[in-house]
Amino acid sequence: MSTTEQPSRHADGADRVSMDGRRARATQAGSDSIGFDESAPLLEVEDLQVEFRTLEGVANAVNGATFSVAEGETLGILGESGCGKSVTAQAIMGILDSPPAFIGGGKVVLRGVDLLTLPEETRRKVRANHVAIVFQDALSSLNPVFTVGYQLGELFRRHRGYTKADARKEAISLLDLVGIPAAADRVSDFPHQFSGGMRQRVMIAMSLALDPDLLIADEPTTALDVTVQAQIMKLLSDLKAERNMGLILITHDMGVVADVADKICVMYAGRIVERADVHRIYANPAHPYTKALLESIPRVDLKGRQLASIEGLPPTLTKLPPGCSFNPRCFMARDRCTHEEPPLYDVGGGRHSACHYYEEVLAR
Amino acid sequence: MSSTEATPVEQERERRGEVVLSVRDVVKHFPLTQGIVFQRTVGHVRAVDGVTFDLRRGETLGVVGESGCGKSTLSRVIMGLERATSGSVDLLGEELVGMSEKDLRRVRRHVQIIFQDPYASLDPRMTVGAIVGEPFQIHTEVAPRGDRRRKVQELLEVVGLNPEHINRYPHQFSGGQRQRIGIARALALQPQIIVCDEPVSALDVSVQAQVINLLERLQREFDLSYIFVAHDLSVVRHISNRIAVMYLGKIVEIGDETAIYDHPTHPYTQALLSAVPVPDPEVRGHREQIVLEGDVPSPANPPSGCRFRTRCFKAKDICAADEPPLERRGGPPQLSACHFAKELDVVHAVH
Numbered sequence: 001m002s003t004t005e006q007p008s009r010h011a012d013g014a015d016r017v018s019m020d021g022r023r024a025r026a027t028q029a030g031s032d033s034i035g036f037d038e039s040a041p042l043l044e045v046e047d048l049q050v051e052f053r054t055l056e057g058v059a060n061a062v063n064g065a066t067f068s069v070a071e072g073e074t075l076g077i078l079g080e081s082g083c084g085k086s087v088t089a090q091a092i093m094g095i096l097d098s099p100p101a102f103i104g105g106g107k108v109v110l111r112g113v114d115l116l117t118l119p120e121e122t123r124r125k126v127r128a129n130h131v132a133i134v135f136q137d138a139l140s141s142l143n144p145v146f147t148v149g150y151q152l153g154e155l156f157r158r159h160r161g162y163t164k165a166d167a168r169k170e171a172i173s174l175l176d177l178v179g180i181p182a183a184a185d186r187v188s189d190f191p192h193q194f195s196g197g198m199r200q201r202v203m204i205a206m207s208l209a210l211d212p213d214l215l216i217a218d219e220p221t222t223a224l225d226v227t228v229q230a231q232i233m234k235l236l237s238d239l240k241a242e243r244n245m246g247l248i249l250i251t252h253d254m255g256v257v258a259d260v261a262d263k264i265c266v267m268y269a270g271r272i273v274e275r276a277d278v279h280r281i282y283a284n285p286a287h288p289y290t291k292a293l294l295e296s297i298p299r300v301d302l303k304g305r306q307l308a309s310i311e312g313l314p315p316t317l318t319k320l321p322p323g324c325s326f327n328p329r330c331f332m333a334r335d336r337c338t339h340e341e342p343p344l345y346d347v348g349g350g351r352h353s354a355c356h357y358y359e360e361v362l363a364r
Numbered sequence: 001m002s003s004t005e006a007t008p009v010e011q012e013r014e015r016r017g018e019v020v021l022s023v024r025d026v027v028k029h030f031p032l033t034q035g036i037v038f039q040r041t042v043g044h045v046r047a048v049d050g051v052t053f054d055l056r057r058g059e060t061l062g063v064v065g066e067s068g069c070g071k072s073t074l075s076r077v078i079m080g081l082e083r084a085t086s087g088s089v090d091l092l093g094e095e096l097v098g099m100s101e102k103d104l105r106r107v108r109r110h111v112q113i114i115f116q117d118p119y120a121s122l123d124p125r126m127t128v129g130a131i132v133g134e135p136f137q138i139h140t141e142v143a144p145r146g147d148r149r150r151k152v153q154e155l156l157e158v159v160g161l162n163p164e165h166i167n168r169y170p171h172q173f174s175g176g177q178r179q180r181i182g183i184a185r186a187l188a189l190q191p192q193i194i195v196c197d198e199p200v201s202a203l204d205v206s207v208q209a210q211v212i213n214l215l216e217r218l219q220r221e222f223d224l225s226y227i228f229v230a231h232d233l234s235v236v237r238h239i240s241n242r243i244a245v246m247y248l249g250k251i252v253e254i255g256d257e258t259a260i261y262d263h264p265t266h267p268y269t270q271a272l273l274s275a276v277p278v279p280d281p282e283v284r285g286h287r288e289q290i291v292l293e294g295d296v297p298s299p300a301n302p303p304s305g306c307r308f309r310t311r312c313f314k315a316k317d318i319c320a321a322d323e324p325p326l327e328r329r330g331g332p333p334q335l336s337a338c339h340f341a342k343e344l345d346v347v348h349a350v351h
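So this is what it looks like as structure tokens:
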């Protein structure tokens, strides 16, 4: 890598306004050969389709997801297990297990370049350099037989061609950045010697190593205690602001999203059922599923009312009900819902809802 | 309680039923050993270190705290699954500590447990009928043999499952339904107390509410007392009448749900509550945020004095020297183990 970088700089004539250290390093990584346009929007996902070909049939894990993320913006993707939120993240990263997963269509446009059209070798460069991911389970994401310093340094050695000693220095400064005390000592510790929260910090350090423009956090705090969750969420939003990254936060916790997200996509059975900015969605949801979810969770600052539960279960993706997937559990399902699949209606004010009767939901 | 007149909170407590479980100074230490052939004890993990509380009939006591604070060990001691190192556990007038195995078996009927993971806690090779009916084989007096199948079907109906599914296997059910099977099994012996160890944390959000509502309905129907152990403080608030906050094997604050959530006095309770996200973007930035530094110290070597002092934002010299007793401090009615206990609302938005 280190030998190919210099000649290709500015070869595509892309206008580089920001020539701070961060951008300069990104250029070194050989991004020019990919043809990223720095003035184009950060990420635009259009009509993304992911299907799982299984013995039981084809499951449409993601069915027409459309959303965008800008610099410094946090998008929350909210949904229950099996709704397709993690698969969406994996499709953006290009780390789907294929087979059984296949991209059925759509675009994932990062800075003007559709990632889905790139060859695997180029996508490798995009990962870590431009888009990075933090997984839920830090212990199984880290290799138990290497020190965290080695694993962090590996990014610099592989992608930047650093020497062992330089890579180690970078690793220490990263551990320091994510708030690990005595980073210089801990860099030669193994993953099992860290607590859950500290391990998640190591994962975040790793994802930030090569200055990505977009960070995807897939349930980053689900396995952690609340006090540690608060620490990690604060760290993530501080780093996001500091580096002006785009952040996609994938979670099932309506509290966490309310705290940090700017806008939200609510997913159900592979589809985005509502998309809006965070304030509107909580104040006045436009889809019955969002509304029911909000009413079914207890709140720490209120006491009393009986929880309104959503009856039934999320559907199996290989056997989706006809019409709207939510209709068997919906409190206001009508005849039309059982045979006509609702498109993502434009509700106005930049929000969208996949419900035929969104006006009624809004009025309730 | 040193108050001169009974507050509404205390009157409310009087109206609640008699004490069914009385836990006094319970200590559970696990020895740490070294050596393979000749093992010697090199220390103790002080999982539970002097816990005292009462549980009344029909009441729900929520136990909250971070992982490793001893809440699960405490529930195992109450179940009689672990023998307490010292202290007293009085269940319906019988002392569990030091009781013979045989007697313990008999008494355990009155305390049942619902586990966290509905996938791991049901035997995949047993039918639902066999799982729910298994307690009857040990406690034969509860249901005569010929009556058991009908009893199991009744139980399934009570928890909202189809009684005709008695011959199905656990894998044929979803997570929420499996948790209902676990609840039916816990109800089989008509217990007085049910320990719920994180009963909804493995379930999806839309299914959680179903199970919480079921637990509430069963409590009313059978006058059950719950010990509700969970890390989700919103769920605990919803279901509990009283709350015990644990840190490193000790209760640091205990009292009525409104007192603990709306008027917490212990710095740890305040930090814990302030960390819980509220599902309302309008309160973002308007709540008191106490972000704790560092991790929980090892229970094998807890700090001197107050155990929370190493992470406490109020810690002074006295905290390292004197361990603060759990007692009523100032205005609010709950008991708090802090030298500098002072009320602070961290849950609601402050303008």
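One line per chain: the protein sequences are A and B, in this order.
Just so it is clear: in the first sequence, position 111 is 111 by the numbering used here, and no numbers are missing.
Just so it is clear: in the second sequence, position 274 is 274 by the numbering used here, and no numbers are missing.
Note that beta-carbon positions come from the ideal geometry of N, C-alpha and C, so glycine has one too.
Nearest to residue i (by Cα), restricted to the options the options
{"i": "residue 158(B)", "options": "217(B), 134(B), 104(B)", "result": "217(B)"}
{"i": "residue 244(B)", "options": "162(B), 51(B), 320(B), 206(B)", "result": "51(B)"}
{"i": "residue 65(A)", "options": "59(A), 75(A), 50(A)", "result": "50(A)"}
{"i": "residue 253(A)", "options": "235(B), 192(B), 156(B)", "result": "235(B)"}
{"i": "residue 360(A)", "options": "291(A), 350(A), 321(A), 309(A)", "result": "291(A)"}
{"i": "residue 163(B)", "options": "171(B), 153(B), 137(B)", "result": "153(B)"}
{"i": "residue 49(B)", "options": "240(B), 85(B), 314(B), 135(B)", "result": "85(B)"}
{"i": "residue 56(A)", "options": "316(A), 229(A), 340(A), 357(A)", "result": "316(A)"}
{"i": "residue 90(B)", "options": "65(B), 183(B), 54(B), 62(B)", "result": "54(B)"}
Which residues DSSP lists as bridging residue i, in chain order
{"i": "residue 264(A)", "result": "76(A), 276(A)"}
{"i": "residue 109(A)", "result": "44(A), 114(A)"}
{"i": "residue 55(B)", "result": "21(B)"}
{"i": "residue 86(B)", "result": "27(B)"}
{"i": "residue 250(A)", "result": "77(A), 218(A)"}
{"i": "residue 49(B)", "result": "27(B)"}
{"i": "residue 244(B)", "result": "63(B), 254(B)"}
{"i": "residue 32(B)", "result": "43(B)"}
Beta-carbon contacts of residue i that lie in its chain and below 8 Å, excluding the five residues immediately before and after
{"i": "residue 71(A)", "result": "42, 213, 244, 245, 246"}
{"i": "residue 34(A)", "result": "113, 118, 122, 125, 126"}
{"i": "residue 234(A)", "result": "none"}
{"i": "residue 278(A)", "result": "76, 257, 258, 261, 262, 263, 264"}
{"i": "residue 303(B)", "result": "297, 309, 310, 320"}
{"i": "residue 232(A)", "result": "197, 200, 201, 204, 220, 221, 224"}
Own chain partners of residue i with C-beta closer than 7 Å, once the 5 adjacent residues on each side are dropped
{"i": "residue 363(A)", "result": "none"}
{"i": "residue 80(A)", "result": "252, 314"}
{"i": "residue 25(A)", "result": "Residue confidence is low: residue 25(A) scores 45 on pLDDT, short of 50, so the model does not pin down where it sits. No coordinate-derived value is stated."}
{"i": "residue 116(A)", "result": "103, 107, 108"}
{"i": "residue 219(A)", "result": "136, 250, 251"}
{"i": "residue 53(A)", "result": "99, 100, 102"}
{"i": "residue 169(A)", "result": "none"}
{"i": "residue 325(B)", "result": "337"}
{"i": "residue 155(B)", "result": "132, 184, 187, 188"}
Close-in-space but distant-in-sequence residues of the same chain around residue i (CB under 6 Å, 5 per side omitted)
{"i": "residue 90(A)", "result": "96"}
{"i": "residue 353(A)", "result": "274, 286, 287, 345, 347"}
{"i": "residue 344(B)", "result": "270"}
{"i": "residue 179(B)", "result": "118, 211"}
{"i": "residue 157(A)", "result": "167"}
{"i": "residue 110(A)", "result": "43"}
### Query
Would you call the stretch 176–195 of chain B and the stretch 97–115 of chain B touching, i.e. three or more CB-CB distances under 8 Å?
yes
### Query
How do the stretch 319–339 of chain A and the stretch 251–269 of chain B stand: do at least 3 beta-carbon pairs fall below 8 Å, yes or no?
no
### Task
Mind the definition here: the stretch 116–133 of chain B touches the stretch 172–183 of chain B only if three or more C-beta pairs lie below 8 Å; say whether that holds.
yes
### Sufficient close CB pairs (3 or more, under 8 Å) joining the stretch 224–232 of chain B to the stretch 318–328 of chain A
no
### Proximal residues, the stretch 267–287 of chain B versus chain A, C-beta separation under 8 Å
271, 272, 273, 274, 275, 276, 277, 278, 279, 280, 281, 282, 283, 284
### Query
Just checking, does the stretch 29–41 of chain B make contact with the stretch 189–208 of chain B on the three C-beta pairs under 8 Å criterion?
no
### Message
Is it the case that the stretch 68–88 of chain B contacts the stretch 271–289 of chain B, given that we only count it when at least three CB pairs across the two stretches are under 8 Å?
### Response
no
#### Entry: chain B contacts made by the stretch 276–304 of chain A, where a contact means CB separation under 8 Å
278, 279, 282, 283, 292, 293, 294, 296, 297, 298, 299, 300, 301, 303
### Query
Mind listing which residues of the stretch 187–209 of chain B have their C-beta closer than 9 Å to chain A's C-betas, in chain order?
204, 205, 206, 207, 208, 209
### Query
Is the stretch 305–315 of chain B close to the stretch 96–109 of chain B, with three or more CB pairs under 8 Å?
no
### Message
By the 9 Å beta-carbon criterion, what residues does the stretch 188–213 of chain A contribute toward chain B?
### Response
195, 196, 197, 198
### Message
Against chain B, which members of the stretch 244–256 of chain A pass a CB distance test of less than 8 Å?
### Response
252, 253, 254, 255, 256
### Query
When you check each C-beta in the stretch 213–229 of chain A against every C-beta of chain B, which residues fall closer than 7 Å?
225, 226, 227, 229
### Query
When the Cβ atoms of the stretch 220–228 of chain A are set against those of the stretch 174–185 of chain A, are three or more pairs found closer than 8 Å?
no
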